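Enquirer: In UniProt numbering, the protein residues as written are 1 to 207.
Can you read through this structure? Questions will come right after.
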Amino acid sequence: MWPLSTLFAPDVLPTIEGERVYLRVPQMKDFPVWCDVRAASRAFLTPWEPIWPADDLTRGAFRRRLRRYARDMMADEAYPLFVFRRSDHQLVGGLTLSNVRRGVCQAASLGYWMGADFAGQGYMKAAVTAVLPVAHEVLHLHRVEAACMPGNQPSIRLLEGCGFMREGYSRQYLCINGVWEDHLVFARLRQDAIRPVRRPREASAAQ
């Protein structure tokens with residue numbers, strides 16, 4: 001088991017290994033490629049995301065994003081990760097374990113996005129599959145929740161393919177692209193097909 005302080009230590013920056021992908025905490029050096037992927041994918045992502053702030057793709061906004069990420073991780077409230085293709089270290093998307101609840105709950109919410117050029121190729125399924133053992137065994141989460149709009153068939157297939165069970169239907173659950181949208185609610189429990197955790201490697205080994 002990895003100690004939490006090691007997994008997200010700012011001076012170590014290990015990665016989480018997956019099939020054809022690896023995941024690590026975002027860094028400032030990721031801004032150019034992140035900006036390029038997000039800009040090229042804007043039309044693809046707009047139907048599934050909240051409205052982007054006007055300055056969302058600026059360097060300053062990205063720097064503020066990283067500061068927020070650091071605060072969230074230190075407070076054990078959220079854990080953001082970027083997803084990279086292992087063959088060429090190309091950024092393909094990102095995922096976040098957010099809204100971490102402790103005490104008698106021990107749960108978090110999973111969210112993710114994928115660049116338009118990389119969708120439908122199995123990268124996000126590989127990333128989610130890799131991060132789930134970390135969520136359960138390292139972060140000690142009993143339950144990982146996820147939600148998606150009923151018309152988002154790729155996301156439904158992804159979640160069901162990663163062992164999430166459909167649990168319900170929430171009306172006007174999230175404000176997506178300026179509209180309060182209904183969502184299907186999924187969850188995966190700790191005992192649902194836990195896979196052994198692979199030890200991370202340092203970021204320098206992934207460059």
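Virtual Cβ for every residue (Gly too), placed ideally from N, Cα, C.
Keep in mind the model is a prediction, meaning the values are calculated, not measured.
Going by DSSP in three states, R67 sits in which element: helix, strand or coil?
Expert: helix
Enquirer: Work out the CA separation of D182 and R171 for me, nearest whole Å.
Expert: 4 Å
Enquirer: So what's residue 222 in DSSP terms, helix, strand or just coil?
Expert: This structure leaves residue 222 out entirely; the chain is present only between 1 and 207.
Enquirer: Going by DSSP in three states, V144 sits in which element: helix, strand or coil?
Expert: strand
Enquirer: For the candidate residues D72, R59 and R86, whose alpha-carbon lies nearest to that of V100?
Expert: D72
Enquirer: For the beta strand (DSSP E) that R166 lies in, which residues bound it at each end?
Expert: M165 to I176
Enquirer: Tell me, to the nearest whole angstrom, how far the beta carbon of E19 is from that of A146; I am working on the premise that it is less than 8 Å.
Expert: Actually they do not touch by this definition, with Cβ atoms about 20 Å apart.
Enquirer: Under 8 Å: do the stretch 134-151 and the stretch 92-110 share three or more Cβ pairs, one atom per stretch?
Expert: yes
Enquirer: Check whether the Cβ atoms of L184 and C148 lie closer than 8 Å to each other.
Expert: yes
Enquirer: Where does residue 237 land, buried or exposed, given buried means 16+ other C-beta within 10 angstroms?
Expert: Any property of residue 237 remains undetermined from this structure, which presents the chain solely from 1 to 207.
Enquirer: Quick one: Cα of D93 to Cα of A108, how far?
Expert: According to the sequence as given, residue 93 is Gly; it is not Asp. Between G93 and A108, the C-alpha separation is close to 20 Å.
Enquirer: Report all residues from its chain with a CB closer than 8 Å to the CB of P154; omit the five preceding and five following residues, and keep chain order.
Expert: A119 and G120
Enquirer: Within this structure, are the beta carbons of A135 and L23 separated by less than 8 Å?
Expert: The Cβ atoms of A135 and L23 lie no closer than 8 Å to each other.
Enquirer: Name the residue from L57, R85 and E77 whose alpha carbon lies nearest to the alpha carbon of I16.
Expert: R85
Enquirer: Helix or strand or just coil, what does DSSP make of L23?
Expert: strand
Enquirer: In the DSSP assignment, the beta strand (DSSP E) including M124 goes from what residue to what residue?
Expert: No beta strand (DSSP E) contains M124, which is instead part of the alpha helix (DSSP H) from Y123 to P133.
Enquirer: What number of angstroms, rounded off, separates the C-alpha of R65 from the C-alpha of G178?
Expert: In a straight line, the C-alpha of R65 is about 21 Å away from that of G178.
Enquirer: Which residues in the same chain have their Cβ closer than 7 Å to the Cβ of F31, if we skip the five residues on either side of it in sequence?
Expert: R59 and F62
Enquirer: Return helix, strand or coil for G151, following the three-state DSSP convention.
Expert: coil
Enquirer: Give the single residue among P50, L91, D76 and C162 whose Cα lies nearest to the Cα of Q27.
Expert: L91
Enquirer: With 16 other CB atoms within 10 Å as the buried threshold, where does G115 fall?
Expert: Burial is judged here by how many other beta carbons sit within 10 angstroms of a residue's own beta carbon; G115 has at least 16 and is buried.
Enquirer: So, with DSSP's three-state summary, where would you put W180?
Expert: strand
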